[in-house]
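Data first, discussion second: the structure below is written as structure tokens.
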Amino acid sequence: MIEWFHPALLMIVGGLVLPLFKGAWQKSLSLIVPLLVILEVSQLTPGVNGTINFAGIELVLFKVDKLSLVFGWVFAFMAFIGNLYSLHITDTGQRVSAFLYIGSAFGVIFAGDWFTLLVSWEIMAFASAYLIFASKTQPAIKAGFRYLMVHVTGGVMLFGGIVLHGIQTGSFLFGPLEYGQGGSLAYTLILVSFMLNAAVPPLNAWLTDAYPEATVTGAVFLSAFTTKTAVYVLLRTYPGAEILVWFGVGMAIYGVVFAVLENDSRRLLGYHIVSQVGYMIAGIGIGTEMAINGVASHAFAHILYKGLLFMGAGAVIHMTGRRKLTELGGLYRTMPWTVALYMVGALAISAFPFFSGFVSKSMIIAAAAGDYSATAALLLTVASSGTFLHTGLKLPYYMFFGKDCGLRPSEPPKNMLFAMGIAAIFCVGIGVFPGLLYNLLPYPVEFEPYTATHITETLGVLMFTLLAFVLFLKYLDPENTISVDTDWFYRRGAKWFVWFANKPVLRWEQFLITLGDGPALRTLHRWSKRSLRLDTNIVDAAVNGVANTARRSGEGFRRLQTGIVSHYGLAIILGLIAMVGIFMLFGTGGV
Amino acid sequence: MIAKLVNFFGDSKYTRIRWRLLLVILALIVIADFLIDRHETENFWDAIPGWGAAFGFASCAAIIFISKFIGHKGGIMKDEDYYD
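Top line first, the protein sequences correspond to chains A and B. End of the first sequence sits at 916 in this note's numbering; the numbers just go up one at a time, nothing left out. End of the second sequence sits at 124 in this note's numbering; the numbers just go up one at a time, nothing left out.
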């Protein structure tokens, strides 16, 4: 009975009901609904529910299996943590959009057909965009429109891909795609739209452009759901697509390089979403059971530690109003809890032993080394060093330690600290008891993270990264700059486009209008007169002629029907002879 | 407790102790890497003691210098009002 209750429905109805309540009631409800969702997810068992036939297409609204459950669990936890973190806000709109956003993310991961997926996908884009607009600053509104523009484009591509796929295969059931099945265009369109949402370079810039402009609480939700639903759908549709291995490895490095250059605290973390999702994309490309387990567990761990990091950076922005590393520093004196909780997330993302990243990320690297290519494994290890360098060392050093910026903010509100605390418990809990996470994974786990070699090697990589950081610190100072990413094409490119629309296109349009008013209109008149004459004299006459002929032939045929069988027999034989004759004369070439 | 721990990493009066602690930890990691049993060598680097340490240091240095080089010389880093 309870299995019929879709977590998406719970979140979306909950979100729509929220505005009816005020103050403490609304706040309580914003925590109770996610708790109910956790309860609901705990009751789910693999199976198909909610199949409806819509206009001849079978829609499977609610399909549960082990893989979707891994994501279901972590989405439910993050729904609670995120809402606890935003408990203090008074903006109902943000709360509602977060609910709709999470609800539609559930819609994607439990979708059994392409249309349910598409609708959920689009709601996600619009609901999440509000979390950016809600900052209400000019840069945020601009970034929000760019975010929408990019996602709407992606959505159209997905729609096109789905329609092509549906027409060519006759099925709208969501499942693995193979090149050529349903046409290579459908395959490519869907792949590109999924890669766009996963922020795979060069389609990554929407993320690092928009997330830092979102509200403090909104960015926490954003960091969790969009890229990870994309990872989920890629895992479902393109496991073992080799091209993804190299896109993923490139992405892991790309994020790290840009993070070196970044001065905005949350943009730096955004580049590390790109980098971390790179591991997952590479894992999807490898596509073995171990790699898929690795991707699912890394997505699970990632949502929690990345949420924690965004909460930590958000707490600093909330208390100081500053987001640039060049304007921060020395906050450790008055925000020790924020520092400590942030560092738990940092150690988890860096994959220190006994933290969550250690038991999840290493599974992907091991799958790469064992089943795929040593080069991929080594490059992913380089990215691991970079991850610790930025999120574990550079960001906390310049934000909390380093040069004293003179600010003495207090700790953030209690609800923020508690939310961070819960996420931190997950980060350590998964690291210490990996079995809890491994039991959820789609395939049996034959991987032991805690071997002597793995521990000493990881500690070697990480602690010598720390040594290099300390030695080369002065070269790493953040600078007051922004980095040009692929958003250049539509930010600078847009100016070219506007120029193009104003000058050549507008002039051409004007020319066409004058042409239309003058000679073109006269020509059109002349032509219409001529065609009228043609119509009355020739077409009508022809129609009348045909009708008369038909009437006369009917008359003739009527007289032919003599009712004498031998006449009919003669007609049939004559017809046959005529047919054979025609066939012998012309038929050989055509048959 | 947490405040004290955080303070230890921030306060400059502990700089010397922090350095010593770091060096001790680094030494222990390298020594441990030489002592452990390495019968399960899946990749060539698993057989090399001290590999992780060398690779970590080199990676970090490479990331810092190559990225800054690309950022400055490759025209990636622009003034903050670049798009305005």
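Think of the CB as a built atom: it goes at the ideal place given N, C-alpha and C, for glycine as much as any other residue.
Within 8 Å of any Cβ in chain A, is that where the Cβ of residue 64/B sits?
no
Can you tell me which of the three DSSP states residue 396/A falls into?
helix
Given that residue 110/B touches chain A, what residues does it touch there, using C-beta distances under 7 Å?
Against chain A, the beta carbon of residue 110/B has neighbours under 7 Å at 582, listed in chain order.
Are the CB atoms of residue 531/A and residue 483/A within a distance shorter than 8 Å?
no
Could you say which of 419/A, 374/A and 365/A lies nearest to residue 402/A if we only look at CA atoms?
365/A
Please list the residues of the segment 616-647 of chain A that have a C-beta atom closer than 7 Å to any C-beta atom in chain B, keeping them in chain order.
none
How is residue 111/B classed by DSSP in three states: helix, strand or coil?
In the three-state scheme derived from DSSP, where H, G and I count as helix and E and B as strand, residue 111/B is classed as helix.
Rounding to the nearest angstrom, what Cα-Cα distance links residue 378/A and residue 490/A in this structure?
19 Å
Beta-carbon of residue 695/A versus every beta-carbon of chain B: anything under 8 Å?
yes
Since residue 384/A sits in a beta bridge, which residues does DSSP pair it with?
According to DSSP, which records beta bridges pairwise, residue 384/A is partnered with 377/A.
Give the DSSP-derived three-state secondary structure of residue 545/A in the structure shown.
Residue 545/A: helix per DSSP, three-state reduction.
Rank 414/A, 359/A and 669/A by C-alpha distance to the C-alpha of residue 338/A and give the top, closest one.
Comparing Cα-Cα distances from residue 338/A to each of 414/A, 359/A and 669/A, the minimum goes to 359/A.
Would you grab the beta carbon distance between residue 458/A and residue 465/A for me? Rounded to a whole angstrom, and I think it's under 8 Å.
The C-beta distance from residue 458/A to residue 465/A rounds to 7 Å, short enough to meet the 8 Å contact threshold.
In the DSSP output, what is residue 649/A paired with across the bridge?
589/A
Answer with yes or no whether the minimum CB distance from residue 120/B to chain A is below 8 Å.
With 8 Å as the cut-off, residue 120/B counts as an interface residue toward chain A.
Pull up the DSSP beta-bridge partners for residue 372/A, would you.
389/A
Using CA coordinates, which residue listed in 652/A, 843/A, 390/A and 594/A is at the minimum distance from residue 804/A?
652/A
Determine the direct distance from the alpha carbon of residue 393/A to that of residue 684/A, and round the result to whole angstroms.
20 Å
What residue from 711/A, 699/A and 738/A has the CA that sits closest to residue 82/B's CA?
699/A
Apart from the five residues on each side of it in sequence, which residues of its chain come closer than 7 Å, Cβ to Cβ, to residue 416/A?
459
So residue 785/A packs on residue 86/B, CB below 8 Å; how close in whole Å?
In this structure, residue 785/A and residue 86/B do not form a Cβ contact; the two beta carbons are roughly 12 Å apart against a cut-off of 8 Å.
From 691/A, 474/A, 486/A and 581/A, pick the residue whose C-alpha is nearest to that of residue 526/A; which is it?
Taking only the C-alpha atoms, the option nearest residue 526/A is 581/A.
Beta-carbon separation of residue 573/A and residue 617/A under 8 Å?
no
Between residue 123/B and chain A, is there a C-beta pair that is closer than 8 Å?
Chain A, which has a Cβ nearer than 8 Å to the Cβ of residue 123/B, makes this yes.
Tell me, please, whether the segment 585-596 of chain A touches the segment 637-648 of chain A by the rule of three or more beta-carbon pairs shorter than 8 Å.
yes
May I ask which residues mark the beginning and end of the alpha helix (DSSP H) holding residue 79/B?
No alpha helix (DSSP H) contains residue 79/B, which DSSP labels as neither H nor E.
For chain B, is any of its Cβ atoms less than 8 Å away from the one on residue 726/A?
yes
Output yes if chain B places a C-beta closer than 8 Å to the C-beta of residue 711/A; else output no.
yes
Could you give the distance in angstroms between the alpha-carbon of residue 670/A and the alpha-carbon of residue 431/A?
25 Å
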